[in-house]
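Notes for the one structure printed next.
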Amino acid sequence: MATSGRGTGIVGYNVQTAVDTKHHLIVAHDVTNVGHDRTQLASMAKQARSATGKEDLTVVADRGYFNGPEILECDQAGMVPLVPKPLTSNSKADGRFDKRDFVYIAEDDEYRCPAGQRAIKRFTTIENGMTLHKYWSSACPRCPLKAQCTTSDYRRIARWEHEAVLDTMQERLDRQPDAMQLRRQTVEHPFGTLKAWMGSTHFLTKRLPRVSTEMSLHVLAYNLKRVMQIMGIVPLMQAMRA
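Structural data, given as structure tokens:
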């Protein structure tokens, strides 16, 4: 599995789980050898919806799952994604304005910068398969706040053609400040339990199909023990016979 270092990797697997918030049951899981989570959101959300039968599913994930097309796919499928955006702005780290300091004005299709100037749409391009609109203001070279904004002649702002979906999701997150705490309490609980059961060890099998089977057995055992705690053994046996 590839790691962050160029040309490096480790022998390992990326385990994905979808966990319900009420009972902490694992409703869907997967094992991949992809070293990041950015392309897993829609797939896991659809598996969770299929397993639970809930059409109006709210999907909460951490920053590692933030990916515009994946979020759009969830939205178009009728699910509600809640994924915070990674804080990777070099401008903010260097003490300059970042994109969050620019206000998008939808009716004019323009941005208002911190100096009160308007950045208008200049052209459209395609980068990594995504259609992006580029904006900047003609006032940049003479702006008194330029040193706090950009080291280039103009501060250029890129906007994805479906960025309204991301803006709406951010508004939902702003109204639900406890969403990420709920995520941690929910999805990390099964991982912690499984690791405690496994001890300080690795998967016992090799190759992706076998590891997937091994993980499925772990999930089955975990879910059975959870349901025993929730329902009791006798009601569970009766339900299984029915």
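Following this note's numbering, the numbering of the sequence shown begins with 60 at its first residue and continues without gaps. Note that the Cβ used here is the ideal one computed from N, Cα and C, for glycine as well. Since the model is a prediction, treat every value here as computed from it, not as a measurement.
Any contact of the stretch 202-222 with the stretch 167-178, i.e. 3+ C-beta pairs under 8 Å? yes
For the stretch 191-237, list the beta strand (DSSP E) runs that are entirely contained and at least 3 residues long, ordered along the chain. 216-219
Residues in the same chain with beta-carbon distance under 6 Å from threonine 264, minus the five sequence neighbours each way, listed in chain order, please. Val270 and Glu273
CA-to-CA distance, aspartate 157 to threonine 147, given in whole angstroms: 10 Å
Hey, how far is the Cα of asparagine 126 from the Cα of methionine 296? 42 Å
Using CA coordinates, which residue listed in Arg242, Lys284 and Glu222 is at the minimum distance from threonine 252? Lys284
List the DSSP bridge partners of histidine 88. Thr76
Separation of threonine 184 from valine 119, as counted between CA atoms: 31 Å
In three-state terms, what does DSSP make of isoleucine 69? coil
Hey, could you find the ends of the alpha helix (DSSP H) glutamate 273 is sitting in? 267-290
Is the beta carbon of methionine 103 sitting closer than 7 Å to the one on glutamine 75? yes
Taking the runs of the alpha helix (DSSP H) that are 4 residues or longer, which of them lie wholly in the stretch 114-200? 127-135 and 149-152
Which residues in the same chain have their Cβ closer than 6 Å to the Cβ of valine 90, if we skip the five residues on either side of it in sequence? Tyr72, Val74, Val270, Ser271 and Met274
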